[in-house]
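Student:
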Amino acid sequence: MKQYIYLVAFFISAFGFAQNTGTIQGNLQDLEANNAPLIFGKISIKETGAEVLSDENGHFAINDIKAGEYTLVYSFVGYETKETKIQVTNNKSTYVTLQLAASTISLDDLVSALASNNSKSNTVNN
């Protein structure tokens, strides 16, 4: 009988020490191309520094995140970097769809950058 009591006490204490974490899952999509997946886009949690890349379907998952509010920062080469707040709940998966738009560079900015670079190279060569 004592063995059963010890066994029950063990399982009760094990549940008390179980980790209370959640998971963030989602998809990273191109806003301008019919929500096409963005492959190998970076998704990170600002507060913890945890970082993952989206897969070939744009899907990502960040596991074992303590419950609380976090800021997701997501980016892709040639696209604008964005941030969004997300709430993580214990023992649950939070699903998000993240969308990015291509960043635009104005012709004036490009000409200014090229002119600046050109004047620096002329100074070095003289």
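In mature numbering (1 follows the signal peptide of the UniProt record, and there is no 0), the protein residues as written are -18 to -1, 1 to 108.
From the three backbone atoms N, C-alpha and C, an ideal C-beta is built for every residue, glycine too.
#1: Quick check on residue 85: does DSSP put it in helix, strand or coil?
#2: If you draw a straight line from the C-alpha of residue 84 to the C-alpha of residue 72, how long is it?
#3: Can you list, in chain order, the residues of its chain whose CB lies under 8 Å from that of residue 2, leaving out five sequence neighbours each side?
#4: Can you list, in chain order, the residues of its chain with a C-beta nearer than 6 Å to that of residue 18? Leave out the 5 residues immediately preceding and following it.
#5: What is the DSSP secondary structure of residue 49, counted as helix, strand or coil?
#6: Please state if the CB of residue 34 and the CB of residue 42 are separated by a distance shorter than 7 Å.
#7: Have a look at the DSSP bridge pairing and note the partners of residue 8.
#8: From which residue to which residue does the beta strand (DSSP E) around residue 70 run?
Tutor: Inspection of the coordinates gives the following:
#1: coil
#2: 35 Å
#3: 48, 49, 72 and 73
#4: 12
#5: coil
#6: yes
#7: 42 and 78
#8: 64 to 70
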